Each structure stands twice: as structure tokens, then as C-alpha cells.
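**Q**
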Amino acid sequence: MSVFSGARSETPFLLAHQTVAQRRRNVCAVLGVLLLGSIILSAANGPANIAYGDVVRLLLHGVGLPVGLDLPQSSYVIVTTIRLPRILIGAVVGAALACSGATMQGVFRNPLADPGLLGVTAGGGFGAVLVIVTGLATLNLWVLPAAAFAGAFGTTILVYALSTVRGQSDTTTLILAGVAVSALLGALTTILILFARSYLAIQEALSWLFGGLQGRGWDHLIIATPPVLAALLVTFAYSRDLNLLLSGEETAQALGVNVPRTRLILLLLSSLMTGAAVSIAGGIAFVGLMIPHALRLVVGPDYRVLLPASALGGAVFLVLTDTVSRLILQPEELQVGILTALIGAPFFLFLLWQRRQTVML
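Per our numbering, the sequence shown starts with residue 4, numbered consecutively.
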């Protein structure tokens, strides 16, 4: 029986009498407004606070409208050059991780699944640390993201190949292979850090592994956005198949879904999104677990609504948590990956306790 059984036919009360298109439109409109508000909030706050109205005018000026011309040039530089690219990268990374988590939970029919399940995060970490400790990351801006992405995506291919026998791969074997490969890559990453000769390289590697958005600029946004956006759009097109997979693989197959091919495509799309996010922001944990699960309680389990809602909700969540991580220890910054772990670990324990109570009943 699916872990979502019992919830599939129930839609939250406020959305019960709306069509799927209406629910998707209304949910996305609300989350879109929240995202815009979180961007303005984040851009306004920092070591130099800027009035919210001024931030709005500066953003409009940045897109070419003739407003905000009377504001100081320093405020324009702070908002558009320093804060805005970091905020937008946070939104892209949050959307990628949350949508990837929702996809994984649908493929494995388990609300505790997340993007790291197949070793994607571990693979990205190994690739990134390898070029950091060897000094290759200093050669070009693109080296570190490229190595992290190659490690993340390559790990997915390896895990899937290890779990496939005669063209068939079941979810249990995929998970076990992912756990084993993650443990191996984690050990290799630790060895690289232990034998690194440069203290600065060790510090940079550890900072990257914790996950953060410090120092990210427009170039990083240009790197991350195209693969994430493309993967999101294709994943949205598979929302019907994900709905059918919730009913069980045999039922989905009977209803016309090519389960092995669909599962492979969805896992590759999820890995593409996660790999792109990890290549820019490092290992930010629990976003892919928390956001889809929380939104499922609000918008229901229909993936035609849940996938876009997860993308927008993940963007809002990471923009806000990164804002808190910048402000909570001023003038120092807390890695946003540490903050998401502090929030996500208790949430995960709550989910485990909730499932235990359900089993006992």
C-alpha cells in the first residue's frame, strides 16, 4: 500500500471545490507573492539597511523603468550587485531542491525521500572537494561548479547502473546502492580533506560542504539557472505519471505508464536539478524533505499542483533562511546549510515519530 494512501482522495478543505487548474493558479499566485515579498525583505536588510520602498524602486530601475533615479548610487550597488544575485541564486537552488525532493518522494512513494537518497549530494561534495584541495578550483570560476555537477550527476548514473539487472531496477535496490555509494564517497571526501596541505583549502572545502551562498554573483546565477529551469519544466510535464506511480507500479503500468523508463527519466531530472543546485551552493540539507511534505498537507498530493508549489515554496524558504543566516550573527554569517539542518533535523524526527504512531495504530 502506498504511504500516501488515505490522503490521495482528500484535498484540503479550502481547495476542495476548485478544479486542478484553479488550485494550481491560486496556490502559485499566493506563493509567487510570498516569493516577491521575501526577495524585497532580503534585499532591504543587511549591514546597511535600505527602506522597503526604496528597494522596490531600485529593483524597478534595474529592469529599465525610470524610477529611483534620486536614490544614492551606493544603494543601487548594494541591492543590484551584492544582494540581488545572491537572493536569486537562493531562489533557484531552493526551487531545485524542493522540486527534486517532491519528485523523489513520488518515485519512491515515501515522504521521507530526499535528493540525497541516490548519493547526488555526496557525489557533488566529492567533486568539489577534489578540485579545491588540488588547487584546480583557482584556475577558473567554472571549474568548481563543473566538478561538483559532474560528481553529482555521475553518481546518479553509477547508482542506477549498480542497481540495474537485465534492464530492470527496483526502488529498494536503488536506495541500497545510493546509501553504499554515498558512504564510499563520504569516506573519500574525508580522506581528501585530511591529507590536504593547505589550511585555506581545508576551510574552503568544509565551508562548501556545509552549504552556503556567500560570494555568489551573477555569473553563478547564469551557470545554475538554465539546467534547473529546463529540468523543472520537463518534470512538470511528468506530473500525471507521478500521480499514477502513487497508486503502485503495477497499476501505473496497467494505465499506460512505462514505469522503468519514467522512473529513470524522473531520477535523472531530479539529479540534474540537485546537481546544478549543489554545484553552486554546496550541500544544503533538508529543503527537499521539508518543503514538499509541508506543502502536501496544504495543497494535497496531486503532483500537478504539488510540483510547482514545491518549486515556489522551496524558493521562498531558502531566500528567507539565507536572510536569517546573514543577519543572526552580524557581522559574521552563519552558513545557510547549517540553519536548514537545525530546522530540518527536528522536522525529520517528527516525521519519524508520526510514522511510528501511525504504525502502532
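All C-beta atoms, glycine included, are put in the ideal place defined by N, C-alpha and C. Since the model is a prediction, treat every value here as computed from it, not as a measurement.
#1: Ignore the nearest five residues each way along the sequence and tell me which others in Pro295's own chain have a CB closer than 7 Å to its CB.
#2: Would you call Asp305 buried or exposed, if buried means 16 or more other Cβ atoms sit within 10 Å of its Cβ?
#3: With a threshold of 16 other CB atoms inside 10 Å of the CB of Tyr163, please say whether the residue is buried or exposed.
#4: Is it the case that the Cβ atoms of Gly40 and Ala125 are separated by a distance below 9 Å?
#5: Who are the Cβ neighbours of Ser8 in its own chain at under 6 Å, not counting the five residues just before and after it?
#6: Which residues in the same chain have their Cβ closer than 7 Å to the Cβ of Ala318, if we skip the five residues on either side of it in sequence?
#7: Grouping DSSP H, G and I as helix and E and B as strand, with all else coil, what is Val134?
#8: Does the distance from the CB of Phe111 to the CB of Thr22 come in under 9 Å?
#9: Pair every Cβ in the stretch 180 to 198 with every Cβ in the stretch 121 to 135, then say whether three or more of these pairs are closer than 8 Å.
#10: Report yes or no: do three or more beta-carbon pairs, one from the stretch 266 to 284 and one from the stretch 212 to 230, lie closer than 8 Å?
#11: Quick one: grab the DSSP three-state call for Val80.
#12: Suppose the cutoff is 8 Å on Cβ atoms and the five residues either side in sequence are ignored; what does the same chain contact list for Ala149 look like?
#13: Would Asn261 be called buried (16 or more neighbouring beta carbons within 10 Å of its own) or exposed?
#14: In three-state DSSP terms, what is Val168?
#15: What's the gap between the Cα of Val322 and the Cα of Arg219?
#16: Starting from Pro69, follow the alpha helix (DSSP H) in both directions and report where the run begins and ends.
#17: Identify which residue in Leu272, Thr343 and Phe351 has its Cα closest to the Cα of Arg121.
#18: Leaving aside the five residues before and after Tyr79 along the sequence, list all residues of the same chain whose C-beta is less than 6 Å from its C-beta, in chain order.
#19: Grab me the residues of Ala47's own chain with a C-beta within less than 6 Å of its C-beta, minus the 5 sequence neighbours each way, in chain order.
#20: So for Phe111, helix, strand or coil by DSSP?
#21: State the CB to CB distance for the pair Val3 and Ala199, rounded to an integer number of angstroms; the pair is presumed to be in contact (CB under 8 Å).
#22: Grab me the residues of Ala373's own chain with a C-beta within less than 7 Å of its C-beta, minus the 5 sequence neighbours each way, in chain order.
#23: Take the Cβ of Gln338 as the centre, count every other Cβ of all protein chains shown within 10 Å, and call the residue buried at 16 or more, exposed below.
#24: I need the straight-line Cα distance from Leu1 to Ile81, nearest angstrom please.
#25: Is Ala151 near the ligand GTP - that is, is its Cβ less than 8 Å away from at least one heavy atom of it?
#26: To which residues of the same chain is Leu139 closer than 6 Å at the C-beta, ignoring the five residues directly before and after it?
#27: Give me the Cβ distance between Leu195 and Leu133, rounded to the nearest whole Å; I'm assuming they're in contact under 8 Å.
#28: Contact check, Leu235 vs Cys31 under 8 Å by CB: the rounded distance?
#29: Distance, Cα to Cα, Gly65 vs Ser77?
#30: Using 9 Å as the threshold, is the C-beta distance between Ser185 and Leu267 below it?
#31: List the endpoints of the continuous alpha helix (DSSP H) containing Tyr306.
#32: With distances taken between CB atoms, is the gap from Asp325 to Leu212 smaller than 9 Å?
#33: Does the Cβ of Ser45 have 16 or more other Cβ atoms within 10 Å, making it buried, or fewer, making it exposed?
#34: Just curious, the alpha helix (DSSP H) that Gly214 is in, first and last residue?
**A** The short version:
#1: Ala101, Gly104, Ala105, Gln108, Leu309 and Ser313
#2: buried
#3: buried
#4: no
#5: Annotation note: pLDDT 44 at Ser8 (below 50); position unreliable, no value reported.
#6: Leu38, Ala94, Gly97 and Ala98
#7: helix
#8: In this structure, Thr22 does not lie closer than 9 Å to Phe111 by Cβ.
#9: As far as the Cβ criterion goes, the stretch 180 to 198 touches the stretch 121 to 135, which means the pair count is three or higher.
#10: Output reads yes: the stretch 212 to 230 touches the stretch 266 to 284.
#11: DSSP, read as helix, strand or coil, puts Val80 in helix.
#12: Ser282
#13: exposed
#14: strand
#15: When rounded, the distance between both Cα atoms is 13 Å.
#16: Looking at the DSSP string, Pro69 is not in any alpha helix (DSSP H), and its letter there is neither H nor E.
#17: It should be noted that the sequence gives Leu, not Arg, for residue 121. If we check each option's Cα against that of Leu121, Leu272 comes out closest.
#18: If you ignore the 5 residues before and after Tyr79, its C-beta comes within less than 6 Å of the C-beta of Leu61, all in its own chain and listed in chain order.
#19: Ile53, Tyr55 and Val58
#20: coil
#21: What is shown of the chain runs 4 to 364, which leaves residue 3 out entirely.
#22: This structure gives no information on residue 373, because the portion of the chain shown stretches from 4 to 364.
#23: buried
#24: Because the chain in this structure spans residues 4 to 364, residue 1 falls outside the shown range and cannot be described.
#25: For the structure depicted, the ligand GTP is absent and the ligand set is empty, with no information on it obtainable.
#26: Excluding positions up to five away in sequence, the list reads Val146.
#27: 6 Å
#28: 13 Å between Cβ atoms; not a contact.
#29: 14 Å
#30: Contact: no.
#31: Tyr306 to Leu330
#32: no
#33: buried
#34: Here Gly214 belongs to no alpha helix (DSSP H), and DSSP marks it neither H nor E.
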